[in-house]
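Numbering (UniProt numbering), first residue to last: 1 to 164.
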């Protein structure tokens, strides 16, 4: 194994007699490896009760409010989303008037009433009338100004001559 190319380096090896080998060289080599414990990761990922969650959110909101107050005292006008923006918004109650309306199976569906059909037809007619216009950048638009003698001479100079 001497001069063995290992990971882009030469490995140097030489034989050592048993008398020269240190007695603690291979101490603990018979033990199998244990998976390392990550206590901080376990603490962070543990399941939390609803009481713990509410306590955490209250604490975060309190700290955020205190931070905003300190920034305002120092005259810094900085608005950041923070934890208050991440809080789930309470759902509004649906009005009872919509819930009490009975649905008649014989009545026409609201999607096919004559007024909605007319509205759909007018929308399709309007969409057909729309035109697509393409605006070209000013550099690519040819000028319609009358040509002067100077511009004609410059164009002749720039125009490649045809080989004979």
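C-beta: ideal position from N, C-alpha, C; glycine also.
As the structure is a computational prediction, the values presented were derived from the model and not from experiment.
Determine the extent of the beta strand (DSSP E) in which residue 167 is found, giving its start and end residues. Since the first and last residues shown for the chain are 1 and 164, residue 167 lies out of range.
Going by DSSP in three states, residue 4 sits in which element: helix, strand or coil? Stepping through the chain shown from its first residue, residue 4 is reached at position 4. Strand.
I need the DSSP call for residue 44, collapsed to helix, strand or coil. Taking the first residue of the chain shown as 1, we reach residue 44 at position 44. Helix, per DSSP.
Can you look up residue 89 in the DSSP assignment and give me helix, strand or coil? Within the chain shown, the letter at position 89 stands for residue 89. In the structure shown, residue 89 sits in coil (DSSP, three-state: anything other than H, G, I, E or B).
Near the ligand GDP: residue 21 beta-carbon under 8 Å from a heavy atom: This structure simply doesn't include the ligand GDP, nor any ligand for that matter.
Under 9 Å between the Cβ atoms of residue 64 and residue 82? Counting from one through the chain shown, the residue named residue 64 turns up at place 64. Counting from one through the chain shown, the residue named residue 82 turns up at place 82. Cβ atoms of residue 64 and residue 82: closer than 9 Å.
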